[in-house]
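Here is the structure we will look at, set down as structure tokens.
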Amino acid sequence: MTTVETAPPRPAAGPIPRSRQKMGRYFAYGFLILSIIPILVGYAWLIIATVSARTQGLLPKNAEGGIGGFTLSNWDFVFESAIWNAMLNSLLIAVFMVIGVGLASTSGGYALSRMKFAGRKTFLTGTLVLHAFKAEMLLIAIFFVLRFLGDIPIIGGFIGFNTVGGVALVMVALELPLGIWLMKGFFDNLSWDMERAALIDGASRFRVWWQIMVPQVRPGIAALSLFTFIVGWNAYLVPFTFTIGTKVANMPVFLNQLISDTAPVNWNLVAAVGLFQMIPLIIFFIFTQELLLNIYAGGSKGT
Amino acid sequence: MRVELDNLTKSWDEVIGADSITLDIADGELVAFLGPSGCGKTTTLLMVAGIYKPTAGTISFDGQVVNEVAPKDRGIGMVFQSYALYPHMTVFGNISYPLRLQKLNKGVIKERVQTVADMMGIGDLLERKIAQLSGGQQQRVALGRALVKEPQLLLFDEPLSNLDARLRLTMRGEIKRLQEDLGITSIYVTHDQVEAMTMADRIAVMSKGVLQAYDVPEALYDRPKTLFVAAFVGNPPMNFFDVEVMRVNGDLRAKSDAIDLVIPHDRGEKAAAVDGKVIMGVRPEDVDVVDDASPAAEGLTLAGEAVVVEPLGREDLVGISINGVDLRVLVDKTRGVRVGDTITLVFNTSRAQFFDPETEASLLWA
Ligand SMILES: Nc1ncnc2c1ncn2[C@@H]1O[C@H](COP(=O)(O)OP(=O)(O)OP(=O)(O)O)[C@@H](O)[C@H]1O
Ligand SMILES: [Mg+2]
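As they're listed, the protein sequences go chains A and B. If you read the first sequence in my numbering, its first letter stands for residue 33, the second for the next number, and so on. If you read the second sequence in my numbering, its first letter stands for residue 4, the second for the next number, and so on.
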């Protein structure tokens, strides 16, 4: 008889004792809390600073050096028209970008995913390559383009150099490669059968796109919109480069002007303006998060 | 509606999806496209639907060439394997979609959707979202959506292959009954030959893009024109042996190292005329298992050893080796055949098939 070598018996895989389970959970939470403390402290300072005359560490200080000295004077800027003007400009850029990038990416992504046409492959690789160019490298070329656009009668006043429209246009263009690829990816994942069914049911190609396909990629559109909105809202380099003066400045440019003025910087004021700038983003996120998290289930089983 | 396919061909660069398919479908007929995966069934169906443009050949409906007609103007309804329902719409939204595109009046739409939904047994699910339905219910919605516009031609692309075996059986019957009641010409794509045999008036057997045979189910089963059809149609499949058919004392005998069987003249004459080996086919049900060889079965009896026994319920499917030649037969359960048993087999050679090994064409029907 031959003997078969056996592996040493493993300990029976019984249930892990409750106390150890609990320990593990505490440990996990402890680790997570520890690792986010630096960010939390940052936010805490930001909020405290906006309502204090001075701060030392996280503590608001009054003139005598004791705790106190709360003030709303940092928020006085909300009564000035300059900030609302900057806010409006930021909003215009962001909204224009969301609409422009959303429309072009949703239609372009569909065409690239579903249709055959000459130059499709080249176009796809081309957009990827374009995405590799940073905006900084293109600033001078864009300047000439905007100057050229500005010379066009009538519309030149809206999309030329030193206009909010011109800035938005450039930002849309810079954002498109990413948007188109993102939406193409979403369309690639949809079944052909649904599209064929709609064609047979009597829909035109455009209607299929609008009524059948676009609703399936709503989570993608929401993600792209949120992303684009943030990019547009926080845009600094392009607006800073292609606008002069305060009339067309957006929020980040306005904020920067506060810091770089020759007078000593009032950091508590900067904090307040910074917090103010975040508010629309938070609101926007609240409105889109449901859509973002709600990925459609079902409808097609199997392949 | 009468459908005619004439030399219908579809190819992409290198790949040939369908190769010169020619067939006609009579008004009210249900034709099955049967064949293994990748043989071009879906390709052909999508050309009929107008989704794929044929590379060559024509499609005619009632004598009119429709190659250039858009899918929506062909008067067709289609049911997909994946159901292809619109997940962002309710059941009502899905079924009513074709009618809404026709801009029919709201009341009419409501009435027609309700009628079709009741017919499909989903009349009380109209407000549900698609994701809240079982697979079987989704299938009914898909069928309802195809039927609601009262099409002239129904196209099915493996509509039941995602359902469990029991439901598939029920739906099979329902679709067939519905199709007969409504009298709609239908093309039914499947790779399940039982489905094709039970539902279709005629079956088009395809392989590698080529139409292999087009005939009524019994003819494909009893008179297969090619080796492929003989092998593909029938479950469990036909057994094949390499034999030489020769004349011995006025009798025809199929011989090989393991086999020696008497063949009736009306079956074997053409095979005997072939110089060298032919392929003989015998269906599992044409082989009987007996206790003892009777003298009447002289020349039709062979002995073998059971190597596999698969219980199918009423019968056992027994794999038998006759001196190294394998075949499968259906044996009554009460016999209690076990692996290793020696078994006496009587062949019903009056139903044997013969094929040319080179051309794979039948030596009886081709
Ligand atoms: N759009 C396409 N581009 C290139 N080749 C294709 C295309 N569609 C199908 N084919 C090829 O054509 C052949 C037939 O495909 P088809 O989908 O018609 O098979 P099928 O009989 O429906 O198979 P299954 O039972 O798996 O659905 C296959 O070789 C397939 O790879
Ligand atoms: Mg198919």
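The C-beta atom is built at its ideal place from N, Cα and C for all residues, glycine as well.
Verify the contact flag: B/D161, CB atom, against every heavy atom of ligand 2, threshold strictly below 7 Å. Checking the sequence, you will find Glu at residue 161 of chain B rather than Asp. Yes.
Could you tell me whether any non-hydrogen atom of ligand 2 is closer than 7 Å to the CB of B/K211? no
Specify whether the segment 87-106 of chain B and the segment 217-234 of chain A touch according to this definition: at least 3 beta carbon pairs, one from each stretch, less than 8 Å apart. yes
Evaluate the contact criterion for the segment 40-52 of chain B versus the segment 210-220 of chain B: three or more CB pairs, one atom per stretch, below 8 Å. yes
Mark B/T352 as exposed unless 16 or more other C-beta atoms lie within 10 angstroms of its C-beta, in which case mark it buried. buried
So, is the C-beta of A/T320 closer than 8 Å to a C-beta in chain B? no
If we require 3 or more residues per run, which beta strand (DSSP E) segments fall completely within the segment 249-324 of chain B? 254-258, 263-266, 281-285, 290-293 and 304-314
Is there a C-beta anywhere in chain B that falls below 8 Å from the one on A/S51? no
Does the distance between the C-beta of B/V197 and the nearest non-hydrogen atom of ligand 4 fall short of 7 Å? Because ligand 4 does not appear in the structure shown, any question about it cannot be addressed here, the ligands present being ligand 1 and ligand 2.
How is B/Y217 classed by DSSP in three states: helix, strand or coil? strand
Relative to chain B, which residues along the segment 214-243 of chain A have a C-beta separation below 9 Å, given in chain order? S223, W224, D225, M226, E227, R228, A229, A230, L231, I232, D233, G234, A235, S236, R239 and Q243
What runs of the alpha helix (DSSP H), each 4 residues or longer, lie entirely inside the segment 146-196 of chain B? 168-185
Quick one, are the C-beta atoms of B/R331 and B/P227 less than 8 Å apart? no
Who are the Cβ neighbours of A/L162 in its own chain at under 8 Å, not counting the five residues just before and after it? P209
Do three or more CB pairs link the segment 271-283 of chain A to the segment 248-259 of chain A at distances below 8 Å? no
Buried/exposed call for B/P287, threshold 16 Cβ in 10 Å: buried
With A/D233 as the anchor, note down where its alpha helix (DSSP H) starts and where it stops. W224 to D233
For A/Q248, which residues in chain B fall below 9 Å Cβ to Cβ? Y89, P90 and H91
My assumption, with CB atoms under 8 Å, is that B/A199 sits in contact with B/I206. Please give the rounded CB distance. 5 Å
Boundaries of the beta strand (DSSP E) in which B/V208 is found, first to last residue: R205 to S210
Return yes when at least one heavy atom of ligand 1 lies under 7 Å from the C-beta of B/G41, else no. yes
If you pair each beta-carbon of the segment 186-195 of chain A with each one of the segment 125-141 of chain A, do three or more pairs fall below 8 Å? no
State the DSSP-derived secondary structure class of A/R86, mapped to helix, strand or coil. strand
Buried/exposed call for B/N97, threshold 16 Cβ in 10 Å: buried
Taking a contact to mean a Cβ-Cβ separation below 8 Å, would you say B/R175 touches B/L163 in this structure? yes
Taking only the alpha-carbon atoms, compute the straight-line gap between A/I327 and A/P251 and give it to the nearest angstrom. At A/I327, the pLDDT of 44 sits below 50, so the modelled position is not reliable and the matter cannot be decided from this model.
Identify the contact partners of B/K75 in chain A, using a Cβ-Cβ distance below 9 Å as the criterion. L231, I232, D233, G234, A235 and S236
Under 8 Å between C-beta atoms, does B/D52 make it to chain A? The question names Asp, yet the displayed sequence has Ala at residue 52 of chain B. Yes, B/A52 counts as interfacial toward chain A.
Which residue's Cα is closest to the Cα of A/A281: A/L124, A/D183 and A/A76? A/L124
Ends of the alpha helix (DSSP H) at A/W116? S113 to R146
Checking the sheet assignment: what are the DSSP bridge partners for B/I346? B/G307
Neighbouring residues, chain A, relative to B/M81 (Cβ below 8 Å): R228, A229 and I232
Can you give the beta carbon distance from B/G60 to B/V72, rounded, assuming they're within the 8 Å contact cut? About 15 Å separates the two Cβ atoms, so there is no contact after all.
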